[in-house]
Amino acid sequence: MTNTDILFQPFRLKTLELPNRIVMAPMTRTKAANGIPGAINAEYYRKRAEGGVGLILSEGTVINRPASRNDPGIPFFHGDAAMAGWKAVADAVHGAGGKMGPQIWHTGSTRAFTEWEPDAPVESPSGLLGPDQPRGNTMSDADIADTIAAFAKAALDAKNAGFDTFEIHGAHGYLIDQFFWSGTNLRTDRFGGKTIAERATFAREVVAAMRAAVGPDFPIILRVSQWKQQDFTARLATTPDEMTSWLAPLVEAGVDIIHASQRRFWEPEFPEIDGEKGLNFAGWAKKLTGAATISVGSVGLSSDFIGAFSGEASEKSNLDGLVERMERGEFDLIAVGRALITDAQWPNKVAKGAFDELEDFNAAALAELV
10 MTNTDILFQP FRLKTLELPN RIVMAPMTRT KAANGIPGAI NAEYYRKRAE
60 GGVGLILSEG TVINRPASRN DPGIPFFHGD AAMAGWKAVA DAVHGAGGKM
110 GPQIWHTGST RAFTEWEPDA PVESPSGLLG PDQPRGNTMS DADIADTIAA
160 FAKAALDAKN AGFDTFEIHG AHGYLIDQFF WSGTNLRTDR FGGKTIAERA
210 TFAREVVAAM RAAVGPDFPI ILRVSQWKQQ DFTARLATTP DEMTSWLAPL
260 VEAGVDIIHA SQRRFWEPEF PEIDGEKGLN FAGWAKKLTG AATISVGSVG
310 LSSDFIGAFS GEASEKSNLD GLVERMERGE FDLIAVGRAL ITDAQWPNKV
360 AKGAFDELED FNAAALAELV
């Protein structure tokens with residue numbers, strides 16, 4: 010039987026104190042009616058707090074921009090009604106003994122899995138969905154300034170609503186990531202450039218504005234990825250030096266924890282350097298920047314999440330590889346996604362060694378919020 014004690018060591022950073030290293034990964038559920046989180050959303054997150062999750066990160070919730078979401082069920086993170094709903098969610102999680110942060114988001118020019126379109130034109134760095142794929146408007150200087158201000162306002166709202174942290178979504182081909190990616194950022198001003206360091210200027214300014222809004226002690230998480238939903242094989246940083254030039258300035262701007270997203274946490278980031286069992290993305294991010302990191306990707310399941318959107322199930326798998334990486338200090342926290350959709354008690358079961366009680370992931374669970 011795998012000894013999972015390492016997963017249940019406390020973690021502390023600034024004002025964030027967690028009882029264990031398990032994070033509920035942010036997962037879009039599109040179940041916020043009219044963009045307002047309600048009782049069903051609060052109950053959904055409360056159950057995961059009761060289930061033993063150390064830190065809950067909400068689904069992506071969008072800033073105050075005209076076309077910042079790509080599905081009508083995605084919640085807002087602005088306006089009195091939405092913020093009252095989110096305060097109720099935070100209160101419910103805290104009442105169950107949990108900790109929580111919203112994931113703060115702008116979807117850029119990406120499409121969802123529906124035909125829904127926002128009322129306003131979508132916006133992105135260069136009016137592109139992907140390389141050579143025009144969609145929507147190129148952001149003006151005023152659009153960029155207003156977007157940075159909207160991120161900063163969301164940060165302050167998160168703190169005022171009583172959340173313990175927040176995560177900036179800078180991954181998976183959405184707006185911030187579209188600035189990172191050379192395939193979607195063709196700008197010739199200071200927000201563009203040939204290098205990832207230059208194209209990270211927008212993200213640095215977003216982080217700096219959010220840090221200024223919440224002060225020095227409130228912990229900030231940033232989610233980043235190499236892959237995009239537009240291109241699973243995309244890579245922003247092909248060497249450790251490139252990764253350092255991308256991520257280190259973001260840490261300097263105010264990021265405390267890097268959430269390094271990959272589809273399978275056990276895959277090495279630079280196997281040409283340290284082999285097939287080498288450091289994963291979170292491991293390299295921690296090594297190169299000194300920041301705390303969260304790893305993620307098919308934890309406890311036999312296949313990655315992409316298949317879930319076509320109805321693919323996934324069987325439970327052992328945690329030996331995860332425990333081994335955490336015991337050697339490769340990363341600090343581990344995010345669990347789909348396993349927590351079908352099994353809200355996943356952490357509690359793992360803590361008591363009840364591995365035979367863990368449930369397989371069934372894609373049908375995505376249809377409702379329970």
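Take the position in the sequence shown, starting the count at 1, then add 9; the result is the number in this note's numbering. Idealized CB from N, CA, C, for every residue including glycine.
Taken in chain order, the unbroken stretches of alpha helix (DSSP H) that lie wholly in the region 191–228 and span 4 residues or more are 205–208, 210–223.
For H103, the enclosing alpha helix (DSSP H) stretches over residues 89–104. Distance from the Cα of F274 is smallest, within the candidate group A151, A212, R208, A344, for A344.
D166 sits buried, since 16 or more C-beta atoms from the chains shown fall within 10 Å of its C-beta. Contact holds between the region 156–170 and the region 68–87, because three or more Cβ pairs, one in each stretch, are under 8 Å apart. Contact between the region 233–240 and the region 171–189 is present: three or more C-beta pairs spanning the two stretches fall below 8 Å. Secondary structure of M335 (DSSP, three-state): helix. Straight-line measurement puts the Cα of P19 at about 7 Å from the Cα of E26. Rounded to whole angstroms, I350 and G309 show a C-alpha spacing of 12 Å.
Annotated as proximal: I266 and P228, with beta-carbon spacing under 9 Å. Contact annotation: R196 and T116 have beta-carbon atoms that are not nearer than 9 Å. Around the beta carbon of E68, 16 or more other beta carbons lie within 10 angstroms, which makes this residue buried. Taking all protein chains in view, the Cβ of E339 is crowded by 16 or more other Cβ atoms within 10 Å, so the residue is classified as buried. Within the same chain, Cβ atoms closer than 6 Å to the Cβ of S118 are found at V131, S133, L138, R144, G145, the five residues on either side in sequence being excluded. Contact check for K108 against G63 passes: the beta carbons are separated by less than 9 Å. Residue pairing by DSSP places T70 opposite I113 in a beta bridge.
Here S149 is exposed: its Cβ has fewer than 16 other Cβ atoms, across all protein chains shown, within 10 Å. Contact annotation, L16 with V359: C-beta distance approximately 7 Å; criterion of less than 8 Å satisfied.
When only Cα atoms are considered, L245 and A376 end up about 33 Å apart.
When rounded, the separation of the alpha-carbon atoms in A105 and A51 is 11 Å. Residue range 249–262 is occupied by the alpha helix (DSSP H) that includes S254.
According to DSSP, residue pairing for I31 in a beta bridge involves I343. Note on geometry: alpha-carbon atoms of W255 and R199 lie some 15 Å from one another. DSSP places G292 in the uninterrupted alpha helix (DSSP H) bounded by 290–298.
Put simply, the backbone Cα of G82 is about 28 Å away from that of E324. For F175, the closest alpha carbon among the candidates T24, R337, E366, R347 is that of T24. Assigned with DSSP and collapsed to three states, T242 falls in coil, not helix or strand. With a cutoff of 9 Å on beta-carbon distance, A93 and G346 are scored as not near each other. Assignment of N50 by DSSP, reduced to helix, strand and coil, places it in the helix class. In the structure shown, the three-state DSSP call for G179 is strand. The residue among A222, S191, A363 with its C-alpha nearest the C-alpha of R208 is S191.
Note on F122: under 16 other CB atoms within 10 angstroms of its CB, so exposed under the neighbour-count rule.
For A301 and K40, the gap between their C-alpha atoms comes out near 31 Å.
Separation of R120 and P84 (C-alpha to C-alpha, rounded to the nearest whole angstrom) is 16 Å. C-alpha of R21 to C-alpha of I31: approximately 13 Å in a straight line.
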